[in-house]
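Numbering (our numbering), first residue to last: 264 to 592.
Glycine residues also receive a C-beta, built at the ideal position from the N, C-alpha and C atoms.
These figures come from a predicted structure and were not determined experimentally.
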């Protein structure tokens, strides 16, 4: 459940705040407050831990209240302003990544207000790459490049490519292509289809790992850094169950906040497909390939093996992606 804070400054404003709170039910846990005196301590405490702040009052009050605490568009919460009668609902801050534009539209529909959206891609009905990435749960490789992409798309259509299947046509402002000066790539892999590539990275990649006994964390980090994958794409690390007490592997997972999954040899061997087999590994642990099979099992039905076994420093590593589709709706 997301956290929302609604601040109002009059009796009528509190009535509007109540209507807004009801509009957010089901997605936000909200508190409605009527501050008295200095706003700073209240906003300072709630700004960094809230998903949305709604001011029922003037834009000036909101701007002065949040100004000391702004950190950046990837970190600030959505900030909305409604007048106390509920006639206008303004998306003030974090319109795309923070979701303020979508939230302003939702509130406006619920209370019968006029939404005020000022971001250029929205008013020109062009693809908002950062808003879509946030909604779809994708990491943005470079915010500076995302800003340039958003500026360029106002002037011309830009190419977009995807390593994943796509449902429906591309949105306004982009076309399917894999070459050009500036474009976006939906991928878990580091590659450069464009002269300047804006990476949109889904967290749908599973690392499969094998190792010699007693391998340190540094060996896992070294091989990972050499692989052409985005670390932010990784959602789990998988191996055979006899490796569940490998401290170096566990430390590697903990350092990246990745969950570790361990499977018995029989489960790995039951997986159909072509894998890079090893007689030595088969005799040692009862399965011909640990890393490729573990990655595929972890990624689930419909998984795709995108990197086969790589060996370095006593570690084997492979990567598979989940069966996931791109949807712009």
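Measuring only the C-alpha atoms, how far is residue i from residue j?
i: residue 466; j: residue 330; result: 33 Å
i: residue 414; j: residue 436; result: 11 Å
i: residue 556; j: residue 540; result: 10 Å
i: residue 369; j: residue 286; result: 8 Å
i: residue 375; j: residue 411; result: 35 Å
i: residue 422; j: residue 579; result: 36 Å
i: residue 322; j: residue 497; result: 41 Å
i: residue 264; j: residue 357; result: 19 Å
i: residue 486; j: residue 507; result: 19 Å
i: residue 565; j: residue 354; result: 40 Å
i: residue 542; j: residue 550; result: 9 Å
i: residue 451; j: residue 350; result: 44 Å
i: residue 409; j: residue 491; result: 21 Å
i: residue 504; j: residue 526; result: 5 Å
i: residue 463; j: residue 493; result: 10 Å
i: residue 299; j: residue 275; result: 15 Å
i: residue 583; j: residue 469; result: 5 Å
i: residue 474; j: residue 577; result: 6 Å
i: residue 520; j: residue 377; result: 43 Å
Can you tell me whether residue i is helix, strand or coil according to DSSP?
i: residue 545; result: helix
i: residue 507; result: coil
i: residue 348; result: coil
i: residue 515; result: helix
i: residue 593; result: In the structure as shown, the chain starts at 264 and stops at 592, and residue 593 therefore has no counterpart that could be examined.
i: residue 539; result: coil
i: residue 565; result: coil
i: residue 277; result: helix
i: residue 534; result: coil
i: residue 370; result: helix
Report the CB separation of residue i from residue j in whole angstroms; it is logged as a contact under 8 Å.
i: residue 297; j: residue 271; result: 6 Å
i: residue 471; j: residue 501; result: 5 Å
i: residue 366; j: residue 340; result: Their Cβ separation, rounded to whole angstroms, is 10 Å, which puts residue 366 and residue 340 out of contact at 8 Å.
i: residue 438; j: residue 484; result: 39 Å between Cβ atoms; not a contact.
i: residue 424; j: residue 448; result: 5 Å
i: residue 337; j: residue 406; result: 6 Å
Should residue i be counted as a contact of the ligand NAD given a C-beta to heavy atom distance under 8 Å?
i: residue 270; result: Here there are no bound small molecules, and the ligand NAD is not part of this structure.
- Taking only runs of the alpha helix (DSSP H) that begin and end inside the stretch 372-431, which ones reach a length of at least 4 residues, in chain order? Runs of the alpha helix (DSSP H) lying entirely within the stretch 372-431 and spanning at least 4 residues, in chain order: 383-386, 392-399, 406-415.
- Decide if the stretch 303-322 is in contact with the stretch 375-387; the criterion is three or more beta carbon pairs, one per stretch, under 8 Å apart. With a cut-off of 8 Å, the stretch 375-387 and the stretch 303-322 do not count as touching, because too few Cβ pairs lie within range.
- Return the chain-ordered ranges of every alpha helix (DSSP H) run that is complete within the stretch 282-339 and spans a minimum of 4 residues. Taking only runs of at least 4 residues, the alpha helix (DSSP H) segments lying wholly in the stretch 282-339 are 303-309, 322-329.
- Query: Does the stretch 386-402 come close enough to the stretch 340-347 that 3 or more CB-CB pairs lie under 8 Å?
  - Reply: Here the stretch 340-347 makes no contact with the stretch 386-402; the two share fewer than three CB pairs at distances below 8 Å.
- Query: Taking one C-beta from the stretch 479-490 and one from the stretch 510-517 each time, how about it: are there three or more such pairs within less than 8 Å?
  - Reply: Using a Cβ-Cβ distance cut-off of 8 Å, the stretch 479-490 and the stretch 510-517 are in contact, since at least three pairs of beta carbons, one from each stretch, lie closer than that value.
- Task: Assess, as a yes-or-no matter, whether the stretch 421-431 is touched by the stretch 580-591 under the definition of 3 or more beta carbon pairs within less than 8 Å.
- Result: Result yes; three or more Cβ-Cβ pairs closer than 8 Å.
- Which full runs of the alpha helix (DSSP H) of 4+ residues lie inside the stretch 420-492, going along the chain? Here the runs fully enclosed are 480-489.
- Kindly confirm or deny that the stretch 524-533 and the stretch 550-564 touch, where touching means at least three C-beta pairs closer than 8 Å. Touching, yes.
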